[in-house]
Structure formats: structure tokens, C-alpha cells
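Asker:
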Amino acid sequence: MNGSAEDSDVRSALQMHEERPSNIEQFLSSDCKRLHDRQSVLMEQVRDLQLQREPVQASHISTVCRKEEVEQGHSKASSNSPESYYTKISIALMADFGLSREEQLKIAAQYDPELESKLTKWIIAQCSSEVGRPEPDKTGFQNWLKNGSALVELINSLYATDKPIKDTKTSTIPFKQMEHISLFLKHSESYGVPKFDIFQTEDLYEGKDMAAVQRTLMALGNLAVIKNDGCYKGDPSLFYRKAQENRRDFSEEQLTEGKNVIGLQMGTNRGASQAGMGDGRPRHII
Numbered sequence: 000m001n002g003s004a005e006d007s008d009v010r011s012a013l014q015m016h017e018e019r020p021s022n023i024e025q026f027l028s029s030d031c032k033r034l035h036d037r038q039s040v041l042m043e044q045v046r047d048l049q050l051q052r053e054p055v056q057a058s059h060i061s062t063v064c065r066k067e068e069v070e071q072g073h074s075k076a077s078s079n080s081p082e083s084y085y086t087k088i089s090i091a092l093m094a095d096f097g098l099s100r101e102e103q104l105k106i107a108a109q110y111d112p113e114l115e116s117k118l119t120k121w122i123i124a125q126c127s128s129e130v131g132r133p134e135p136d137k138t139g140f141q142n143w144l145k146n147g148s149a150l151v152e153l154i155n156s157l158y159a160t161d162k163p164i165k166d167t168k169t170s171t172i173p174f175k176q177m178e179h180i181s182l183f184l185k186h187s188e189s190y191g192v193p194k195f196d197i198f199q200t201e202d203l204y205e206g207k208d209m210a211a212v213q214r215t216l217m218a219l220g221n222l223a224v225i226k227n228d229g230c231y232k233g234d235p236s237l238f239y240r241k242a243q244e245n246r247r248d249f250s251e252e253q254l255t256e257g258k259n260v261i262g263l264q265m266g267t268n269r270g271a272s273q274a275g276m277g278d279g280r281p282r283h284i285i
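For the sequence shown, numbering that gives the first Met the number 0 gives the first residue as 0, with consecutive numbering after it.
Here it is in C-alpha cells:
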């Protein structure tokens with residue numbers, strides 16, 4: 000009798016367990032629903048406030064966060080993919096709402112294709128043709144510099160001896176590529192490029208602000224021309240020379256003589272007069 004009761008309890012427990020979803024499924028379902036609601040709110044805010052002049056570029060969100068994927072989010076998160084469903088939606092939201100579309104367009108508009116051609120010409124002349132040549136557009140310029148090898152060769156070429164970066168091997172590992180970019184930035188600042196002209200690693204590696212990359216390279220080229228230490232290669236007219244300090248030293252005798260000169264602030268007797276202002280011949284008084 001006791002055995003049948005225990006079997007009944009076990010069967011009831013198993014039935015309840017089968018009917019009740021697991022904790023992970025409950026968590027994922029609620030999490031995906033929350034993200035879907037958050038997406039809807041953000042999209043509504045963009046439409047209401049009219050923050051963008053162009054249609055909202057929400058292809059990432061519409062692809063990742065479709066209704067059927069939200070309803071089946073737990074199956075996607077439980078797959079062997081290294082990215083969870085939560086991560087995919089987070090990336091999509093950050094891509095479209097981290098910066099407004101208008102701000103992204105302003106940053107992109109600062110990129111100068113003519114300056115790109117000038118910088119490409121200098122880097123090849125400075126580092127030799129072994130660094131290759133990029134495709135003539137912003138994406139090609141980014142991909143050319145992204146692994147950091149051309150930048151490493153560039154900064155090393157500006158030193159006659161004692162090259163600052165020893166490891167110049169080209170790597171396909173993202174960590175090593177970003178390390179080369181960071182080393183270039185560090186030694187560019189040591190070379191004399193102002194800190195406010197130094198771009199961030201992600202500006203180049205992720206293509207966030209290629210105009211900032213151009214500014215850093217321009218500042219480096221200007222400085223190399225100004226130093227005139229024999230390391231610069233290429234046409235100096237590609238860069239402009241900044242105004243240099245021109246100090247003047249006067250002797251005590253010159254300073255003393257200068258005190259005897261009446262400045263124009265004191266007035267002058269050679270200013271405007273009424274001479275010649277009358278019409279006709281002058282009258283002579285006898």
C-alpha cells in the first residue's frame with residue numbers, strides 16, 4: 000500500500016516537472032520579452048522626437064529581434080553559438096542608439112578623400128612600397144592601416160637609429176593588431192605629436208572616426224617636416240610648416256635709444272590738415 004502511494008507521488012512530481020518550464024527557460028523568455036519591449040520604446044522615441052533626418056537604420060534590430068525569434072529566444076541562447084541572444088540584441092541596440100544617426104553622419108562627413116590620397120602617397124614614400132597600397136576609399140584606407148604594420152613601419156622610419164618598436168611582424172590576431180596601433184600612438188606622442196591630435200585605437204580598428212586618424216597622421220607629417228633631421232622622405236610640400244618662435248634680443252643701448260622715440264600713441268604733427276580744401280584760387284591779403 001505504501002509502495003503504490005510513493006509511486007503515485009513520484010508520478011505526480013514528474014508530471015508537475017514536465018508541465019513547469021525550467022528556470023533557464025523562464026529567465027530567457029522574460030529576458031527576451033523585456034528586450035523586445037525596450038526595442039519598441041526606443042524606436043517609438045526616435046519616431047516621436049524625429050532625431051534623424053534619414054529613415055532609422057534598424058536593420059540589425061529587425062534582423063535579430065523579430066517576433067518569432069523572441070518567442071523562441073531560449074532555443075537560440077541554448078545553442079552552441081558563443082554569442083547569446085541577449086548579446087546579439089545588446090549589440091544591435093548599441094549600434095543604432097549608442098550615437099544618433101545624425102552624429103554618426105557628422106563624424107563621417109569630416110573624412111577627406113583628398114587628404115587620404117596625400118597621406119597614402121607620403122606613407123608609401125616614407126616606408127617603401129612594401130607596405131602596399133590601399134583601395135581608394137575610406138574602407139580601403141582603414142583596412143590598409145588596421146593591422147598596424149604600416150603604422151609601425153611609419154613611426155620607425157622617422158628615427159635614424161634606435162627604432163622605438165622592435166616587433167614589426169604582421170599579425171592576423173586582433174589583439175596583436177590593436178597592440179601595434181597602441182604602440183604607434185604611444186611613440187607618436189613621444190615624437191612630439193600633441194595629445195589632442197592622437198586618435199583612439201578603436202577609431203581606426205573599428206572605423207569609428209577615420210577623420211581623427213587623418214588628423215594624427217597629418218600632425219605627424221607636419222612635425223617630421225619641421226624637425227628636418229634627414230629622416231623625412233617624400234615631398235615636403237605635402238605638409239604645411241607651423242609658425243615657429245622668432246625671438247629677438249636687444250642690447251641695453253638699443254633699449255635706451257628706443258625710449259627717445261616718440262610713439263604714435265603720443266600724437267603727431269603729420270596727420271590730416273585743411274590744406275588744399277578750398278575751391279578756386281587762394282586770396283592774397285596785402
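All residues carry an ideal CB built from backbone N, CA and C; glycine is no exception.
#1: Have a look at Gln103 and Trp143 and give me their C-alpha separation to the nearest angstrom.
#2: Rounded to whole angstroms, what is the Cα-Cα separation between Leu118 and Ala218?
#3: Expressed to the nearest angstrom, what Euclidean distance is found between the alpha-carbon atoms of Val55 and Met42?
#4: Are Ile180 and Tyr158 touching if we call contact CB-CB under 8 Å?
#5: CA-CA distance, Val151 and Val192?
#6: Got a sec, what are the start and stop residues for the alpha helix (DSSP H) Gln125 sits in?
#7: Report the three-state DSSP secondary structure of Asp234 (helix, strand or coil).
#8: Using DSSP with H/G/I as helix, E/B as strand and the rest coil, what is Ile164?
#9: Quick one: what's got a C-beta closer than 8 Å to Leu222's C-beta in the same chain, skipping five residues either side?
#10: If contact is defined by three or more beta carbon pairs under 8 Å, each pair taking one atom from either stretch, is the stretch 108-124 in contact with the stretch 221-237?
#11: Quick one: what does DSSP say Ser170 is sitting in, helix, strand or coil?
#12: According to DSSP, is Asp248 helix, strand or coil?
#13: Spatial neighbours of Gln213 within its chain, please: CB distance less than 8 Å, with the 5 preceding and 5 following residues excluded, ordered by chain position.
#14: If we ignore side chains and look at the alpha-carbon of each, how far apart do Arg52 and Lys185 end up?
#15: Is it true that the CB of Thr169 sits closer than 8 Å to the CB of Asn292?
#16: Tell me whether Gln199 sits in a helix, a strand or coil according to DSSP, three-state version.
#17: Looking at the secondary structure, which residues open and close the alpha helix (DSSP H) in which Gln213 lies?
#18: By DSSP, does Ile261 sit in helix, in strand, or in coil?
#19: Going by the beta-carbon positions, is the gap between Phe238 and Gly262 smaller than 8 Å?
#20: How many whole angstroms separate the CB atoms of Leu182 and Ile164, which I take to be in contact at a CB cut-off of 8 Å?
Answerer: Looking at the coordinates:
#1: Stepping through the sequence shown from its first residue, residue 103 is reached at position 104. Stepping through the sequence shown from its first residue, residue 143 is reached at position 144. When rounded, the separation of the alpha-carbon atoms in Gln103 and Trp143 is 22 Å.
#2: Taking the sequence shown and counting its residues from 1, one reaches residue 118 at position 119. Taking the sequence shown and counting its residues from 1, one reaches residue 218 at position 219. About 11 Å.
#3: Taking the first residue of the sequence shown as 1, we reach residue 55 at position 56. Taking the first residue of the sequence shown as 1, we reach residue 42 at position 43. Because Val55 carries a pLDDT of 39, less than 50, the predicted location of this residue cannot be relied on, and the following value inherits that uncertainty. Straight across, the Cα-Cα distance linking Val55 with Met42 is about 8 Å.
#4: Working through the sequence shown from its first residue, we reach residue 180 at position 181. Working through the sequence shown from its first residue, we reach residue 158 at position 159. Not in contact: Ile180 and Tyr158 (Cβ atoms no closer than 8 Å).
#5: Within the sequence shown, the letter at position 152 stands for residue 151. Within the sequence shown, the letter at position 193 stands for residue 192. Going from the Cα of Val151 to the Cα of Val192 covers about 16 Å.
#6: Walking along the sequence shown from the start, residue 125 turns up at place 126. Looking at the DSSP string, the run of the alpha helix (DSSP H) that includes Gln125 is Pro112 to Cys126.
#7: Taking the first residue of the sequence shown as 1, we reach residue 234 at position 235. Correct three-state label for Asp234: coil.
#8: Residue numbering aside, residue 164 sits at position 165 when the sequence shown is read from its first letter. In the three-state DSSP reduction, Ile164 falls in the coil class, being neither helix nor strand.
#9: The residue labelled residue 222 in the question sits at position 223 within the sequence shown. Within the same chain, Leu222 has close Cβ partners Tyr190, Gly191 and Val192.
#10: Taking 8 Å as the limit for Cβ pairs, the verdict is that the stretch 108-124 does touch the stretch 221-237.
#11: The residue you call residue 170 lines up with position 171 of the sequence shown. The three-state reading of DSSP puts Ser170 in coil, since its state is none of H, G, I, E or B.
#12: For the purposes of this step, residue 248 is identified with residue 249 of the sequence shown, where counting begins at 1. In the structure shown, Asp248 sits in coil (DSSP, three-state: anything other than H, G, I, E or B).
#13: As a position in the sequence shown, residue 213 is number 214, starting the count at 1. For Gln213, where only same-chain residues beyond five positions count, the Cβ hits under 8 Å are Tyr110, Asp111, Leu114, Glu115 and Leu118.
#14: Residue 52 sits at position 53 when you count from the first residue of the sequence shown. Residue 185 sits at position 186 when you count from the first residue of the sequence shown. Bear in mind that the predicted position of Arg52 carries a pLDDT of just 43, short of 50, making it unreliable; the figure below should be weighed with that in mind. Computed Cα separation, rounded: 39 Å.
#15: No information on residue 292 is available, as it lies outside the stretch 0 to 285 that the chain covers here.
#16: Translated into the one-based positions of the sequence shown, residue 199 becomes position 200. Of the three classes helix, strand and coil, the one that applies to Gln199 here is coil, per DSSP.
#17: Against the sequence shown, residue 213 aligns to sequence position 214. Note, Gln213: alpha helix (DSSP H), Met209 to Lys226.
#18: Taking the first residue of the sequence shown as 1, we reach residue 261 at position 262. Judged by DSSP in its simplified three-state form, Ile261 adopts coil rather than helix or strand.
#19: Translated into the one-based positions of the sequence shown, residue 238 becomes position 239. Translated into the one-based positions of the sequence shown, residue 262 becomes position 263. Taking C-beta atoms as the reference points, Phe238 and Gly262 fail to come closer than 8 Å.
#20: For this step, residue 182 is matched to residue 183 along the sequence shown. For this step, residue 164 is matched to residue 165 along the sequence shown. With a contact defined as Cβ atoms closer than 8 Å, Leu182 and Ile164 qualify at about 5 Å.
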